[in-house]
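Here's the structure, in structure tokens; my notes come after.
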Amino acid sequence: MNYRIGRWIADRWVMGVGLLVLAYLALPIIVVAGLSFNRPSNRLSYDFNEFTLDNWTNVCGPAGLCDAVLRSVQIGFLATVFATVLGTLMAFALARHKFFARPAVNVIIFLPMATPELVMGTSLLALFVTGSVALGFWTILIAHVMFCISFVVVTVKARLAGMDARLEEAAMDLYATPFQTFRRVTLPLALPGIVAAALLSFSLSFDDFIITNFNSGTTVTFPMYVWGANQRGVPPQVNVIGTAMFAIALLLVLATNVRRRRGARVA
Amino acid sequence: MPEMESTAGDLHIANVTKRFGIFTAVDDLTLTIPQGAFFALLGASGCGKTTTLRMVAGLEEPTAGQVRLGDRDITRLRPYQRPVNTVFQSYALFPHLDVFENVAFGLRRRKVRQVASQVERMLALVQLEGFTKRRPAELSGGQQQRVALARALINHPQVLLLDEPLGALDLKLRRQMQIELKRIQTEVGITFVHVTHDQEEAMTMADTVAVMNAGRIEQLGRPAEIYEYPATAFVANFLGQSNLLAGEAAGLSGGDVLVSAYEQRFAVPAVRARADQGPVFLGVRPEKLALVADGAAVPAGHQSVAGVVTDSSYVGVSTQYLVRTGWGTELAVFAPNSGTAAPLALGARVTAHWDPRHAFILRREPGEGDRTTPVLDEPDAVGAVS
Amino acid sequence: MPEMESTAGDLHIANVTKRFGIFTAVDDLTLTIPQGAFFALLGASGCGKTTTLRMVAGLEEPTAGQVRLGDRDITRLRPYQRPVNTVFQSYALFPHLDVFENVAFGLRRRKVRQVASQVERMLALVQLEGFTKRRPAELSGGQQQRVALARALINHPQVLLLDEPLGALDLKLRRQMQIELKRIQTEVGITFVHVTHDQEEAMTMADTVAVMNAGRIEQLGRPAEIYEYPATAFVANFLGQSNLLAGEAAGLSGGDVLVSAYEQRFAVPAVRARADQGPVFLGVRPEKLALVADGAAVPAGHQSVAGVVTDSSYVGVSTQYLVRTGWGTELAVFAPNSGTAAPLALGARVTAHWDPRHAFILRREPGEGDRTTPVLDEPDAVGAVS
Amino acid sequence: MTLMTGIGAAPAGSARPARKSGRRWLPYLLLLPGTLWLVVFFFGPMLTLGAASLWDPAGSLQTGYAQTLSFGNYVDAVRDAGPQLLRSFWYAAIATLIGVIIGYPLAYAIALKAGRWKYLLLVAVVAPMFTSFLVRTLAWKTILSDNGALVGLLRDIGILGADGRLLATPIAVVLGLTYNFLPFLVLPLYASLERLDRRLLEAAGDLYASPARSFVKITLPLSMPGLVAGTLLFFIPAVGDYINAELLGNPNTYMVGNVIDSAFLVRLDYPHGAALSFALMFLILIIVMVYLFRSGTDEVV
Amino acid sequence: ACGTKGAAQTEDTCVSEDLSGTEKTLTVSNWPQYIDVDEKDESKRPSLIAFEQKSGIAVSYTEDINDNNEFFGKVQNQLTACQPTDRDVIVLTDWMTARMIRLGWFQKLDTAKMPNFQKNLLPSLKGRPFDKNTEYAVPWQSGLAGLAFNGNVAKEIRTVDELLTRPDLKGKVTALTEMRDTMGLILLSNGHDPSNFTKAQFDDAINKLQKAVDAGQIRRFTGNDYAPELAKGDIAACIGWSGDIIQLGLEDEKIQFVAPDAGVMLFSDNSSIPNKASHKANAEQFLDYYYDPAVAAELAAYVNYICPVAGAKEAMEKIDPDLAANPLIFPDDALLGKAKVFKALTEAEEREYESAFQKVIGA
Ligand SMILES: Nc1ncnc2c1ncn2[C@@H]1O[C@H](COP(=O)(O)OP(=O)(O)OP(=O)(O)O)[C@@H](O)[C@H]1O
Ligand SMILES: Nc1ncnc2c1ncn2[C@@H]1O[C@H](COP(=O)(O)OP(=O)(O)OP(=O)(O)O)[C@@H](O)[C@H]1O
Ligand SMILES: [Mg+2]
Ligand SMILES: [Mg+2]
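Chains as they are written, first to last, in the working numbering: chain A, 996 to 1262; chain B, 74 to 459; chain C, 74 to 459; chain D, 482 to 782; chain E, 21 to 383.
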């Protein structure tokens, strides 16, 4: 029976290490979630003091917090929509068509991912400064769409590359015009990839601080609020938002995955 | 029966050539497939069968030539504009749609009404009534195959193209699907163009068989016709096996062509000779050869060759022998295990004989030697595997 | 020849059971495969063949039972500790390594020296000398298969496991690979355990064939032995086809067992009867049946059944007929196309006769009806397709 | 058949040119909006940044800047930020290495060992990205606090001296970098391990490769594209990051991002800030190119 | 896109229009926690509500200023281009206010309409160098930058030199990223006058700071975020601001503010009206309201910084006598005597000193 123990360990140690790493990833979230139920002894203390639900019932208490969250969600949503649409179109072009300019376009897509956020932020600021463009909601949106596009293209393209091109031929053979083929076959099959890309876009946009900070003008997003609040004591409601976003992401991703699994085991 | 009424729906492939870069996949192919026929396209891997089908379906554009349906030139129509449907080798079922929606796909695209009843009828035809709500991933291979078939058939295409639809199935399931395909074709009366690797499948199912080789049709005809009297050495050994002896034809004598080979003379009826002069192959199918221990027992009028049994393998229905002739070639002989003859021992001296009416004569390139199909335990024959 | 010298290397599978959850894939299997044997494992899809092989290879751990090589218990050894190699159905070639490195893989892992010369020799054996630098993706299916074979063989395992290695090849290539496999096995003298769906392959290649059904061995023996005298109805119809008529055995009479079926009486030699009382099948192989137009022409001592020809299909080597008997069962009859008999017309009244020494008797569950294998143009037989 | 005639009515001759040109235009049409966006808002800024990097460094906000093509800005910027520049690459490299060491087992476990828990674990990797990265970094501050449980534990077991600390050390910065960008490494790695054919591992085991050898010889090389993509997506943003250095580090751990930040926001020295940004980008691109070339993977995008 | 023009504006180049007559609204940008809030409901600001009721002006009050530099970066584009920033009142520290005035980015106040302001502004805050006529900047609060320590983890600290060298504080010390506060205190500790020093003196001070950084004495340079860490004890001693420390001291009396004998730095945060702000009159009314001593006391009671309003101390005695007695809120002459204001810098000086300082703090 001794070999069994040895083998049990041999088969599972990787999983063990993986779980430890997951714990490392989850640790700050646990702290955040814990602090979201904290009534701090004073506004400069982050130590757990006393359990309370007040932070949850009174999320919008600290002035400006909810506005910032709302603005971040708005920007995140719009950026996701724009980036997903533009990026998906590009991914289709790259995955489904062979054409002369392809390598050049690939480089155009790769470069923004290869450029540090800071450089992008500063350069965009320089452009806006030169062009005397008023900074604010729209400049943030422009910036977010810009850095999300590449991630969308890569994600959707990977999905399309794994897709059987014969399905599209089959659809054409069954009287589907190119548009119908796209609408009825290609799009639904690419959907999990598109959804993943959208989720990624949203998280990138919602989370972005560096580029936003340079290009926001007088507009305050959630990360900027946190950055500012950090100077004078972070209100515990920020932890509520952090926890809630985590939970929403969890549910959202789980829901799409359940649907995907119920749907087509295509991947 | 179909030939008369329906020249309007015949599929014509006229001088079609398809090149990929410098590689010619289909080479000046001309073919007419009558409406309502069950047409089988046979050939080695890579000979251009799939490419031909794709050109008919509109998924590939010919480099040259025309594809016509009756009088209509469809060469330049896009796939969705052609009354042609395909059952793909991989089925290519839409994984995100259930069985019902897969089958209904073509109807919906053409905005046909009363989809439900038609789909029900079609699913009944392929005996999948209860499966409407399942996704392709939840079906076995045979069921998927039938959905693919229903999905194509429901559109009542003028031509149905089948690209090795049974290739992925195991032997038993394959047999059952063959039966079903044939039944359905009989019921719906649509032209079937069926590509297959399996010669037995082609012969049992098709009215007409075409054997392709390197982008060209080598022979076309009814299965028995081709099998009994192949046109070329390739066909003789692609469709079943043949013993082909290198000889020289010495012209006609009466109704027979005379062939001399290995110091023996053979006569073959002129109607079964593709040439009557010059280098030829004298061909006999292994099952047309009979073995007798005693040369004197050769029936009158039969021709014979003497040899030694070098191998025998039992395959249930028959026993396959190899008989080495005096000049070293090994002939294949299939003896049916009908229980009438005792098995022969290795090393036994035998005489293989045949009725001249079962032999045939084919053209041969000068210098080519005997050709017999590789048989088990015959390592020398493997050189050509690629 | 191998049985004597080599009990030390025999592969013993002793009371091996494998369960996945509540599903029993292999059920108390016991089997001994002599060293140097070419052993074929046959059976329907899902019957547990692959699972058995994987337990021998160490890729799956038996729920119960032992796997031994000679005297060594290898049940708990990990795959890399066993002198056993596998040729996988999918080949599982390493896509990032070239042919040379694929073949050298096992040697390198065991730190063997002079890898290059051994690999060269092995590639010569499988006739792939010039291909060392290619990647698997640049090889045809047949070539990949041979690389997989070389990769396993180079390790000189005591046992080589082959899991349907030819399943994906087309008929012609498959035939050539069969020849090569057999040649190589003869040359290297390693025990081959070969899983296949193709009965003809099993019969021509193997010394011993085992037919598996639902996790158990139904019959084991030499190919001809099993084919000629199957042990169960499953084997009779899995290995080739059989006509099985439902009857009642009425005990011994002389050396014969008497069977009454459909108001006729048949005698079968007792040595070919699995039962002599109660419900039985009377079995005859289709090729053992002969058709005569005139009942009077039935040879003396033969038994016969009258009927009508309802279908004929030409398959080149033979013609397959269906004959409907008076009570409605359709018998399959294979007539060799040796050219001696004229083809029979549909609807012809015929008598099918057989030598009682070719018939056999199998146990039958009470209530079971006739069993004949589905044949082309016989839609009724398809109900069971899954 | 009547159904078909309607469809086939289109003149066969005219179908061809339409289709050809349609096909040739389509990809460009699809690419146009996205590419335009990137060109205007990525390459455009890069151009202005490039221009700004050559401004006369003597200019100021009040007096304006003259374009003098002062290439010397690059020399000055790189020289002045030398230590931070080196430190950025050094920290990012260490963080990437740690990321690979801990991210690989995680990706591997999810892809190959998790069975039906696969999606749940994957979500657990992705979901933290939705909690603002600042919030998480601040949480790290709490965790690593000198008087926190973690430091206390490490002091007790002697890993840290009695006076030792984690916060405001290079360790905290590297840990923060590792933490923040780990999902970007794990996801592509997971995707490529997911595609790995397990049968290859069985084959390797069958051919006498122990699990460790199988990993080195089969799994690792076959997951290379994912590993390359993952390390790049990790390394690049890590080099440019300055939040971790600012929140978790000390003055001696500041990275090039802090310098750029200070140039643009505090010192109002746009020419040097722009020059440093550009220099950083060039350095990263060079490293990426060399890396891609060395690892033999070109199709990362 | 080859170069840029200067960013400076004048009253002539950038004309603002006042819509106060028609629009009873006002937008104020301030630092976080710089206004009194209701103890029960943090989103209510009593003094502000009172103002709205009294004046009928709806105030949109945002706490979006966290850092002078950062805020400058945010609004500089609009102000350079003479575009509205959408704010009527912004609160910035002396030196930043000075820069903005220098750039011509603020509107001149009509102090005639601000009687409380004229009457109650502390004399020491009148006619400061950057606003000689007291016509651009209205001090919101003043404060001291000095030393602070947490008595739970460190012995008392008296001087800047101790802070920069004492071995038991190594790695547990922070200083401020505000160059004027940190450098001012070091200059003072060297016996120099921050309101009037030479380049050489500044270099001396920088070197002293550099040594402390190199020795690992200084853990971080911070904005306000030193406070939680000081409270926690991760930081033992620091350069900090009086208001923060008083608040911490209320929770934990071991946390104390120390005014070194060498001197402390005095700063003010000033309210100003940027160009293109369109509610100037409303803004003036608003600022004047907070110069009512009673209101000022209410505010000071919450924020705990130095109240720039004369007469507020008396008003405070009614609210909270303890606070009224706190010299850090209502400094006595002794303390005020030690307090220095950093000298006004030209753009070139600012750049030179700021660059040198940034280099030391790591960026
Ligand atoms: N798109 C293509 N580009 C280049 N060559 C091609 C292309 N499609 C097919 N070919 C080549 O054309 C030849 C014919 O291919 P085709 O698929 O028609 O063969 P096939 O007869 O269907 O073979 P199989 O029986 O293996 O399916 C092959 O040699 C193939 O390599
Ligand atoms: N890992 C597993 N978990 C659960 N069931 C399994 C597993 N592996 C095999 N089975 C089941 O065990 C049975 C036997 O499988 P096995 O692969 O041995 O069949 P097989 O005889 O090789 O079939 P085939 O001819 O289709 O390859 C099948 O019903 C299969 O579904
Ligand atoms: Mg093909
Ligand atoms: Mg199997």
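Every residue, glycine too, gets a C-beta built ideally from N, C-alpha and C.
All of these numbers come straight from a predicted model, not from anything done at the bench.
Per DSSP, the continuous beta strand (DSSP E) segment holding Gly356(B) begins and ends at 350–357. Ligand 2 never approaches Cys1055(A) closely enough for any of its heavy atoms to be under 7 angstroms from the residue's Cβ. Counting only runs of 3+ residues, the beta strand (DSSP E) found wholly inside the segment 227–258 of chain E occupies 238–242, in chain order. Checking the 7 angstroms criterion, the Cβ of His375(B) is out of range of every heavy atom belonging to ligand 1. For Glu403(B), the enclosing beta strand (DSSP E) has its first and last residue at 403–409. As a beta-bridge residue in DSSP terms, Glu321(C) pairs with Ser333(C), Pro352(C).
By the CB criterion at 8 angstroms, Gly738(D) and Asp722(D) fall inside the cutoff. Contact between Gly1188(A) and Val1229(A) is absent: CB atoms are separated by about 37 angstroms, not below the 8 angstroms threshold. Using a CB distance cut-off of 8 angstroms, Gly686(D) counts as an interface residue toward chain C.
Contacts with chain D at 8 angstroms (Cβ-Cβ) include Phe167(C). Residues lining ligand 1 by the Cβ criterion, that is a Cβ closer than 5 angstroms to any of its heavy atoms, are Phe93(B), Ala98(B), Ser118(B), Gly119(B), Cys120(B), Gly121(B), Lys122(B), Thr123(B), Thr124(B) in chain order. Annotation for Tyr660(D): the continuous alpha helix (DSSP H) segment containing it runs 651–675.
The alpha carbon of Leu728(D) has as its nearest neighbour, out of Phe665(D), Tyr660(D), Asp644(D), Val654(D), the alpha carbon of Val654(D).
Within the segment 222–273 of chain C, the runs of alpha helix (DSSP H) that reach at least 4 residues and sit entirely inside it are, in chain order, 244–261. Residue-level contact by beta carbon holds for Val1215(A) and chain E, with a gap shorter than 8 angstroms.
With a cut-off of 8 angstroms on Cβ pairs, the segment 362–371 of chain E is not in contact with the segment 162–173 of chain E, counting fewer than three such pairs.
Asp106(E) has a beta carbon lying within less than 8 angstroms of a beta carbon in chain A. Counting only the Cα atoms, Asp271(B) lies some 33 angstroms from Ala379(B). By the CB criterion at 8 angstroms, Leu1249(A) and Val604(D) fall inside the cutoff. Residues of chain D with a Cβ closer than 8 angstroms to the Cβ of Pro152(C) are, in chain order, Glu683, Gly686, Asp687. For Asp1202(A), at least one C-beta of chain D is nearer than 8 angstroms to its own C-beta. Listed by position along chain E, the residues whose Cβ is nearer than 7 angstroms to that of Pro1057(A) are Glu62. Leu102(B) is bridged by DSSP to Val89(B). Straight through space, the alpha carbons of Ser144(E) and Glu367(E) are spaced by roughly 25 angstroms. DSSP, read as helix, strand or coil, puts Met610(D) in helix. Remark: the C-beta of Gly203(B) is outside contact range of ligand 2, defined as less than 7 angstroms to any heavy atom. In this structure, Ala137(C) sits away from Thr159(C), with a CB-CB distance that is not shorter than 8 angstroms. For Thr1181(A), there is no enclosing alpha helix (DSSP H), as DSSP gives it neither H nor E. Distances taken from the Cβ of Gly116(C) to the heavy atoms of ligand 2 include one shorter than 7 angstroms. A Cβ-Cβ contact shorter than 8 angstroms links Leu677(D) with Ser704(D).
Residues of the segment 102–135 of chain B with a Cβ closer than 9 angstroms to any Cβ of chain A, in chain order: Arg127, Ala130, Gly131, Leu132. Within the same chain, and ignoring the five residues on either side of Leu198(C) in sequence, the residues whose Cβ sits closer than 8 angstroms to its Cβ are Ala223, Leu226, Ile257, Glu260. The beta carbon of Thr105(C) is closer than 8 angstroms to those of Asp83, Leu84, His85, Ile86 in its chain, skipping five residues each way along the sequence. Close partners of Leu746(D) in chain E (Cβ separation under 9 angstroms): Asp87, Asn89, Glu90, Phe92, Gly93.
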